[in-house]
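Colleague:
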Amino acid sequence: MGIQIIGAGMYVPETIVSNEDFAKIVDTSDEWITTRTGIKTRHIADGELAYQMGAKAALRALEDANMAVEQVDMVLVTTVTADCLTPSLACMIANEIGIEDAICMDINAACAGYVFALDIAKKYLDSGDLQTVLIVSAEMLTRMIDYTDRSTCVLFGDGAAATIVKKSDSLYASCIKSSPKGAMKIYTKLPEPKHPFQTKTYRWNDEDVAKAPIGMIQMAGNDVYKFATTAMPQAVELAAQKANISLDEIDLIIPHQANVRIINTAIKKLKLPPEKFYINIEEFGNISSACIPLGLAQLKAAGRLKQGDKICLVGFGAGLTYGAVIFEY
Ligand code: ACO
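Dropping the structure here:
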């Protein structure tokens, strides 16, 4: 049993920040950012929250699927930048768009979140317990960026994308993995608890983590780069093996958009034509888990997804997480 994506929608904030804009606030240049990352601009939230962006994308996906909110059985939200620690962003988005009765939960698998969510949705659909899953990937990376740190601030953007997923009889295979030994290669710390009964100091095992600022993304960029250039091709190969197809049979690959050089290395390792890879990093930068569904929504709106196409989605992110899904459209 496989899946079908019957609707897709996206929403990005109006405000666009260019590389030149960053050159005015940190020691960087359009030339460095373009050649090292492939990013030219990113959309940045200005006065709107993650649940509001997610709700807009969700309503667009429902409209695209010609579906009413009452038909949604489950809302899976992928995010690393929710508006509240509790409730889940899924409950907040469901409430915002008028869903009254559905299973709502968040999945935090960082930039690989959409691939993880699609696989979870597929397994729920397989169970026969429900018919329709709304996956919303809503991210506000600006929430946890240190705008004095040139090595991270230029990389990220904000936005949301949503898809409506149902079951089908078509091909489906997945390879969903984590490499937790890299857990602290990318992280954002919360403050330690403070309470009236406290007698001891909270201590992190790692000195660097202990010293890191609260609420700001920290990243060992080079280590993540090395991990990603191995993990992405490996996940695609394993998913293709499970699908029992050759890599050549894949029509389209939508990779996570963290760095165009990571994608180009994956293209070389997989020995596939570059035209099969969808790349939109130039406009949006890295929007964590929203990158892959945003690509899906753009391609669907442009009529570039054809029935029978074998599509591969592949992501990696903090955790470290990684994974690929192959399905027939
Ligand atoms: N402008 C100018 N110079 C810069 C900038 C900048 N914005 N950022 C870093 N530099 C400098 C560094 O200070 C360093 O200078 P030095 O040689 O004087 O020390 C030099 O450029 C080279 O730095 P590197 O870190 O080696 O640069 P690299 O080519 O590796 O690019 C980057 C850095 C873009 C972060 C890359 O390592 C990368 O893309 N890593 C992967 C990140 C990633 O995929 N994250 C995804 C997960 S995020 C999530 O899950 C939410």
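My numbering puts the first residue of the sequence shown at 96, with every later residue one more than the last. By construction, the Cβ of each residue, glycine as well, lies at the ideal position given by its N, Cα and C atoms.
Which partner residues does Ile421 have in the DSSP bridge list?
Modeller: Translated into the one-based positions of the sequence shown, residue 421 becomes position 326. The partner list for Ile421 (beta bridge, DSSP) reads Ala268, Cys407.
Colleague: So, is Lys217 buried or exposed, given that buried needs 16 or more other C-beta atoms within 10 angstroms?
Modeller: The sequence position of residue 217 within the sequence shown is 122, counting from 1. The residue in question, Lys217, is buried, as its Cβ has 16 or more Cβ neighbours within 10 Å.
Colleague: Starting from Ser246, trace the alpha helix (DSSP H) both ways and give me its first and last residue.
Modeller: For the purposes of this step, residue 246 is identified with residue 151 of the sequence shown, where counting begins at 1. Ser246 -> alpha helix (DSSP H) spans 245-248.
Colleague: Say the cut is 8 Å; is the CB of Asn317 nearer than that to a heavy atom of ligand 1?
Modeller: Residue 317 sits at position 222 when you count from the first residue of the sequence shown. Flag set: Cβ of Asn317 near ligand 1.
Colleague: Taking its Cβ as the centre, do 16 or more other Cβ atoms sit within 10 Å of Asn300, making it buried, or is it exposed?
Modeller: On the sequence shown, position 205 is the one that residue 300 refers to. It is exposed - the Cβ of Asn300 has fewer than 16 other Cβ atoms within 10 Å.
Colleague: Let me check one thing: in DSSP terms, what residues is Ile372 bridge-paired to?
Modeller: The sequence position of residue 372 within the sequence shown is 277, counting from 1. The sequence as given places Phe at residue 372; Ile does not occur at that position. Answer is Ile348, bridged to Phe372.
Colleague: Just to confirm, does Cys199 get its C-beta within under 8 Å of one of the non-hydrogen atoms of ligand 1?
Modeller: Taking the first residue of the sequence shown as 1, we reach residue 199 at position 104. Answer for Cys199: no, Cβ out of range of ligand 1.
Colleague: Under 8 Å from any heavy atom of ligand 1, does the C-beta of Ile240 make it?
Modeller: For the purposes of this step, residue 240 is taken as residue 145 along the sequence shown, with counting starting at 1. No, since every heavy atom of ligand 1 falls outside the 8 Å radius drawn around the Cβ of Ile240.
Colleague: Any heavy atom of ligand 1 closer than 8 Å to the CB of Val249?
Modeller: Mapped onto the sequence shown, residue 249 falls at position 154. Yes; taking the cut-off as 8 Å, the Cβ of Val249 has a heavy atom of ligand 1 nearer than that.
Colleague: Which residue wins for smallest C-alpha separation from Lys401, given the options Ile192, Asn375, Asp346?
Modeller: Counting from one through the sequence shown, the residue named residue 401 turns up at place 306. That would be Asp346, whose Cα lies nearest to the Cα of Lys401.
Colleague: Can you give me the Cβ contacts of Ser427 inside the same chain, cut-off strictly under 6 Å, excluding the 5 residues immediately before and after it?
Modeller: Since the displayed the chain opens at 96 and closes at 424, residue 427 lies outside it and no answer follows.
Colleague: Please indicate yes or no: does the CB of Asp178 lie closer than 8 Å to some heavy atom of ligand 1?
Modeller: Here the question's residue 178 lines up with position 83 in the sequence shown. Answer for Asp178: no, Cβ out of range of ligand 1.
Colleague: Tell me, to the nearest whole angstrom, how far the beta carbon of Val170 is from that of Ile194; I am working on the premise that it is less than 8 Å.
Modeller: If you number the sequence shown from 1, residue 170 lands on position 75. If you number the sequence shown from 1, residue 194 lands on position 99. Between Ile194 and Val170 the Cβ distance is about 6 Å, and since that is below 8 Å, they are a contact.
Colleague: Is it the case that the Cβ atoms of Ser269 and Lys337 are separated by a distance below 9 Å?
Modeller: Locating residue 269 in the sequence shown gives position 174, counting from the first residue. Locating residue 337 in the sequence shown gives position 242, counting from the first residue. Result yes, Cβ atoms of Ser269 and Lys337 sit closer than 9 Å.
Colleague: Would Glu234 be called buried (16 or more neighbouring beta carbons within 10 Å of its own) or exposed?
Modeller: Here residue 234 corresponds to residue number 139 of the sequence shown, with the count starting at 1. Glu234 comes out buried.
Colleague: Roughly how many angstroms separate the alpha carbons of Thr324 and Ala207, rounded to a whole number?
Modeller: The residue given as residue 324 occupies position 229 in the sequence shown. The residue given as residue 207 occupies position 112 in the sequence shown. Near 14 Å, if we compare the C-alpha coordinates of Ala207 and Thr324.
Colleague: Between Thr432 and Arg238, which are expected to be in contact by the criterion C-beta below 8 Å, what is the C-beta distance as a whole number of angstroms?
Modeller: A question about residue 432 goes unanswered here, because the residues of the chain that appear run from 96 up to 424.
Colleague: When DSSP labels each residue in this structure, what does Thr173 get in the three-state scheme?
Modeller: By one-based count along the sequence shown, residue 173 stands at place 78. Strand at Thr173.
Colleague: Can you name the start and end residues of the alpha helix (DSSP H) that Lys401 belongs to?
Modeller: Taking the first residue of the sequence shown as position 1, residue 401 is located at position 306. Careful: Lys401 lies outside any alpha helix (DSSP H) and carries neither H nor E.
Colleague: So what does DSSP say about Gln293, is it helix, strand or coil?
Modeller: If you number the sequence shown from 1, residue 293 lands on position 198. Three-state result, Gln293: coil.
Colleague: Excluding five sequence neighbours on each side, which residues of the same chain lie with their C-beta closer than 6 Å to the C-beta of Thr129?
Modeller: By 1-based counting over the sequence shown, the position of residue 129 is 34. Taken in chain order, the list of residues that qualify is empty.
Colleague: Assuming Gly102 and Ile259 make a contact with CB atoms under 8 Å, what is their CB distance in whole Å?
Modeller: Counting from 1 along the sequence shown, the entry for residue 102 is found at position 7. Counting from 1 along the sequence shown, the entry for residue 259 is found at position 164. Sure, about 4 Å apart at Cβ, within 8 Å.
Colleague: Compute every distance between the C-beta of Ala212 and the non-hydrogen atoms of ligand 1, then say whether any falls below 8 Å.
Modeller: As a working mapping, residue 212 is identified with position 117 in the sequence shown. False, no ligand heavy atom lies under 8 Å from that Cβ.
Colleague: The alpha helix (DSSP H) that contains Gln336, what's its start and end?
Modeller: Here residue 336 corresponds to residue number 241 of the sequence shown, with the count starting at 1. First-last of the alpha helix (DSSP H) with Gln336: 316-338.
Colleague: Keeping to the same chain, check which residues put their C-beta closer than 6 Å to that of Ala204; ignore five residues upstream and five downstream.
Modeller: As a first step, residue 204 must be located in the sequence shown, where it is residue number 109. Only Phe211, Thr416 meet the Cβ criterion.
Colleague: Can you find the residues in the same chain that come closer than 7 Å, C-beta to C-beta, to Ala197, ignoring five residues on each side of it along the sequence?
Modeller: Against the sequence shown, residue 197 aligns to sequence position 102. Around Ala197: Val167, Asp168, Met169, Val170, Ala189.
Colleague: Between Arg245 and Phe117, is the Cβ-Cβ spacing less than 9 Å?
Modeller: If you number the sequence shown from 1, residue 245 lands on position 150. If you number the sequence shown from 1, residue 117 lands on position 22. Closer than 9 Å, so yes.
Colleague: Apply the 10 Å Cβ neighbour rule to Asn114 and answer buried if 16 or more other Cβ atoms are within range, or exposed otherwise.
Modeller: Residue 114 sits at position 19 when you count from the first residue of the sequence shown. The residue in question, Asn114, is buried, as its Cβ has 16 or more Cβ neighbours within 10 Å.
Colleague: Following a CB-centred definition, is Tyr209 positioned closer than 8 Å to any heavy atom of ligand 1?
Modeller: Indexing the sequence shown from 1 puts residue 209 at position 114. Tyr209: no, Cβ never under 8 Å from ligand 1.
Colleague: Would you call the segment 346-360 in contact with the segment 318-333, where contact means no fewer than 3 C-beta pairs closer than 8 Å?
Modeller: Taking 8 Å as the limit for Cβ pairs, the verdict is that the segment 318-333 does touch the segment 346-360.
Colleague: Just the Cα atoms here: how many angstroms apart are Arg312 and Ile240?
Modeller: The residue labelled residue 312 in the question sits at position 217 within the sequence shown. The residue labelled residue 240 in the question sits at position 145 within the sequence shown. Reading off the sequence shown, one finds Ile at residue 312, where the question assumed Arg. Straight-line Cα distance between these residues: approximately 6 Å.
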